[in-house]
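In the numbering used here, the protein residues as written are 2 to 88.
Ideal placement from N, C-alpha and C gives every residue a C-beta, glycine not left out.
The block underneath contains the structure these notes are about, expressed in structure tokens.
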Amino acid sequence: MNEYHVCGVLLMSRPENAASVEQALSDMPGVELHANDGGRMVVTVEGDAYSHCADTITQLSTLDGVASSSLVYHQIDNEELPEEPLQ
């Protein structure tokens with residue numbers, strides 16, 4: 002069974018820490034920053050195993066400058082499920 006996980010995470014940091022958190026995110030594989038509004042950050046974490054994503058989300062929550070993190074979305078794509086035909 003081939004799975005692919007996409008997790009949406011909301012990170013919060015103080016505005017003065019936002020640049021350093023953004024830099025740390027850019028160095029993490031499978032992590033993409035989509036928005037940063039004064040320390041309120043929308044991030045996705047992607048990977049082929051939930052355990053990998055969970056470990057990455059834990060790392061996000063412990064980055065210097067991060068005040069809080071919340072998992073707000075989780076999707077599992079499974080290649081073995083048949084696609085529904087378009088009608």
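Straight through space, the alpha carbons of H75 and V46 are spaced by roughly 9 Å. Sorting P86, I77, C54 by C-alpha distance to the C-alpha of V10 places C54 at the top.
By the criterion of a C-beta distance shorter than 7 Å, C8 is surrounded in its chain by T45, V46, C54, I58, L72, Y74, H75, once the five residues flanking it on both sides are discounted. Cα atoms of A20 and S70: separation of roughly 16 Å, rounded to the nearest angstrom.
Counted as a single uninterrupted DSSP element, the stretch harbouring D49 is not any alpha helix (DSSP H), since DSSP gives it neither H nor E. In this structure, DSSP gives L72 an extended state, which the three-state scheme calls strand. Shown here, E17 sits in a helix according to DSSP, grouped into three states.
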